[in-house]
Amino acid sequence: MALNCKTAGDVTKAIEELGIQFVDLKFTDLYGQWQHFSVPVDLYDEGDLFETGLGFDGSSVRGFKSIENSDMLLVCDPTTAFVDPVCAHPTLSLIANVFDPLSKERFDRDPRNVILAAEAYMKSLGLADVMFCGPEAEFFVFDAVRYETSRISSQYEVDSVEGAWNTGDWGPGHKMGHKQGYFPVSP
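Per the numbering used here, the sequence shown starts with residue 24, numbered consecutively.
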């Protein structure tokens, strides 16, 4: 359930009114995979979440930091607050921005920061005033999936008529080449 919060104070009020037990901080890694951690509401501190930031180990996140310099901060965006409908206990989720704890600047590999930089660059070139972005949903349809596990071995096989390994097969019509099916016109 979206909460339409505008400020950190709105989030605090929602936590109290809705009997929230956990606050879940979400962010994405360099590859767009969701990451998160939760804190019990008795450890909730408005200043920590929305101003100072909560620390985490950036070396545990793909594409972020190496182990010798891994401290990072998450600063939550109050406008992203929503009640997570699938949690067993009342949980408020927030999307956070990633910051460097020393410079206090946005982390250059945080996807939320990357998109802001891209939008600013587009505007600086005078190309447009507004940019709309969204995820690209992809999926694969397989014709066959086989697997076997024995005492001494295991194997799997995935097959699809669209697989690059099947492009030499004879067929009744036109077949798209491997990785060439995004925008072509039919023959």
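Glycine included, each C-beta is placed from N, C-alpha and C at the ideal position.
Subject >> Burial state of Phe162, where buried means 16 or more other Cβ atoms lie within 10 Å >> reply: exposed
Original post:
Does the stretch 40-60 touch the stretch 118-125, meaning 3 or more C-beta pairs lie closer than 8 Å?
Top reply: yes
**OP:** Could you round the C-beta distance between Leu115 and Val46 to whole angstroms and report it? I think they count as a contact, below 8 Å.
**Re:** 5 Å
Subject >> Which listed residue (Arg135, Gly200, Arg85 and Phe73) has its alpha carbon closest to that of Gly157 >> reply: Arg135
Subject >> First and last residue of the uninterrupted beta strand (DSSP E) at Met95 >> reply: Asp94 to Cys99
Original post:
By Cβ distance below 7 Å, which residues in the same chain neighbour Glu39 in space, the five residues on each side in sequence not counted?
Top reply: none
Original post:
For the alpha helix (DSSP H) that contains Asp33, what are its first and last residues?
Top reply: Ala31 to Leu41
Subject >> Segments of 4+ residues assigned as alpha helix (DSSP H) that fall wholly inside the stretch 108-183 >> reply: 134-147
**OP:** Name the residue from Val109, Phe60, Thr30 and Gly81 whose alpha carbon lies nearest to the alpha carbon of Pro73.
**Re:** The amino acid at residue 73 is misidentified as Pro; the sequence shows Phe. Looking at the Cα atoms, Thr30 is the closest of the given residues.
Original post:
Between Asp152 and Arg169, what straight-line distance do the alpha-carbon atoms span, to the nearest angstrom?
Top reply: 51 Å
Original post:
Smallest Cα separation from Glu171: which of Ala140, Asp71 and Glu180?
Top reply: Glu180
**OP:** Please list the segments of the beta strand (DSSP E) lying wholly inside the stretch 56-86, counting only runs of 3 or more residues, in order along the chain.
**Re:** 57-63 and 77-80
Subject >> First through last residue of the beta strand (DSSP E) which encompasses Leu48 >> reply: Phe45 to Thr51
**OP:** Flag this pair as yes or no: are the beta carbons of Gly70 and Leu96 separated by less than 7 Å?
**Re:** no
Original post:
Can you tell me whether DSSP reads Ala25 as helix, strand or coil?
Top reply: strand
Original post:
Excluding the five sequence neighbours on either side, which residues of its own chain have a C-beta within less than 8 Å of the C-beta of Lys146, listed in chain order?
Top reply: Asp152
Subject >> CB contact below 7 Å: Ser82 versus chain B >> reply: Annotation note: the requested chain B is absent from the structure, which comprises a single protein chain.
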